[in-house]
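Take a look at the structure below.
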Amino acid sequence: MALRVQFENNDDIGVFSKLTNTYCLVAIGGSETFYSAYEAELAETIPVVHANIGGCRIIGRLTVGNRNGLLVPHSTTDEELQHLRNSLPDAVKIQRVEERLSALGNVIACNDYVALVHPDLDKETEEIIADVLNVEVFRQTIADNTLVGSYTVLSNQGGMVHPKTSIQDQDELSSLLQVPLVAGTVNRGSEVLAAGMVVNDWISFVGMNTTATEISVIESVFKLNQAQPATVTTKLRAALIEEISRSRRAGSSSGPSTSRRATRNNSANAAAERPKINEADLEGKSPEEVEMLKTMGFCTFDTTKNKKVEGNDVGEVHVILKRKYRQYMNRKGGFNRPLDFVA
């Protein structure tokens, strides 16, 4: 979902906040209403950190980050840097960057896998981005604008670009980034997308002036209506594993199996003891639960025929999400991440 908020009667909330899948930064000095909106939705899943950068509140335009790391400009003081290191998860790398284009949020747009950067960014800065954020870096313009960080907003599910971006450019960028893209606006027609909104894989915050139509586009391209926080997904995954395990234990206690194939498989994979799911186990499950079970490797499907196949026939098969196949899906006109099989 997308929620409307304001920072001190200012709709450019992307200027005063930074949102990723593992943390959220908000500027010091805002109203309690602004902070409570973020904390009510995020506090149970990721830390909401109050911070300034170089004594300034425009942290959304000065910083860039994803789940892997956070880059801050050289104007960041030692105290501010230490505060961030104490507040963010240990797995998040934090680095101060000596870059002439110091408003990093204006010149870099990224998700957890790919980054678009200003064409004139220093080569050394490009290497730091690739190393700290663990992304592929591409020098790019958006609708002939070099400030790619201002006119592009990305998540792992999709992206929005400047409204004057041509269809051809959108298709090329979508293939490059391997996510669906749409041209749009925020705050009742503002082209500066990153100033008016922040987004991660399950929620977005937009300026109070954003129209219902703009919110509908945002929720659609970023797939926010079906998204869930990571902690909720983890709990659901654990519950499904426990349910299937109990079902298997109950079934095995009723009597010995007569299947020679099952006996051979159990002997070969006794160490793994990975529970398998048949069609009956999928009955009554929601689409999200079925998709999660596929992703976890408990179900095996034939990608060419879209039918379930026996794991014993194809070896020890694990279902995983493969990013490299999303480009293929883009060419086919679909953007759902496909499932891949590896022995």
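In terms of the UniProt record's numbering, the sequence shown has 235 at position 235, counting the first letter as 1, and numbering is strictly consecutive.
Glycine included, C-beta positions come from ideal geometry on N, C-alpha and C.
The structure displayed is predicted, hence computed values, not measured ones.
Please name the residue in Asn21, Thr45, Glu41, Thr63 whose C-alpha comes closest to that of Ala27.
-> Thr63
Nearest to Val137 by CA position, among His118, Val153, Thr146, Asp144, is which residue?
-> His118
Start and end of the alpha helix (DSSP H) containing residue 361?
-> With the chain covering only 1 through 343, there is no way to say anything about residue 361.
Pair every Cβ in the stretch 195-212 with every Cβ in the stretch 2-11, then say whether three or more of these pairs are closer than 8 Å.
-> yes
Taking Val161 and Ile142 to be in contact with their CB atoms under 8 Å, please state how far apart those CB atoms are, rounded to whole angstroms.
-> 6 Å
If you draw a straight line from the C-alpha of Ala40 to the C-alpha of Gly60, how long is it?
-> 20 Å
State the DSSP-derived secondary structure class of Ile142, mapped to helix, strand or coil.
-> strand
Using three-state DSSP, classify Ala115 as helix, strand or coil.
-> strand
Residue burial classification, Thr22 (beta-carbon count within 10 angstroms, cutoff 16) = buried
Where the beta strand (DSSP E) through Ala43 begins and ends = Careful: Ala43 lies outside any beta strand (DSSP E) and carries neither H nor E.
So what does Gln95 bridge to, in DSSP terms?
-> Leu71
Check the C-beta distance from Thr125 over to Arg67 and give it rounded, since I have them as a contact under 8 Å.
-> Going by Cβ atoms, the distance from Thr125 to Arg67 rounds to 20 Å, so no, they are not a contact pair.
With a Cβ-Cβ cutoff of 8 Å, do Thr152 and Ala194 count as a contact?
-> yes
8 Å contact criterion, which Ala183 and Val148 should meet: CB distance rounded = Not a contact, Cβ separation roughly 14 Å.
Helix, strand or coil: which one does DSSP assign to Arg61?
-> helix
Cβ-based neighbour list, Arg85, same chain, cut-off 8 Å, excluding 5 preceding and 5 following | Ile94
Taking only the alpha-carbon atoms, compute the straight-line gap between Phe7 and Lys123 and give it to the nearest angstrom.
-> 35 Å
Look up Leu3 in the DSSP assignment and give the residues it is bridged to.
-> Phe205
Inter-residue Cα distance where the pair is Ser175 and Ala130 | 19 Å
Keeping to the same chain, check which residues put their C-beta closer than 8 Å to that of Val217; ignore five residues upstream and five downstream.
-> Met160, Val182, Gly184
In angstroms with no decimal places, state the Cα-to-Cα distance between Ile58 and Ser102.
-> 12 Å
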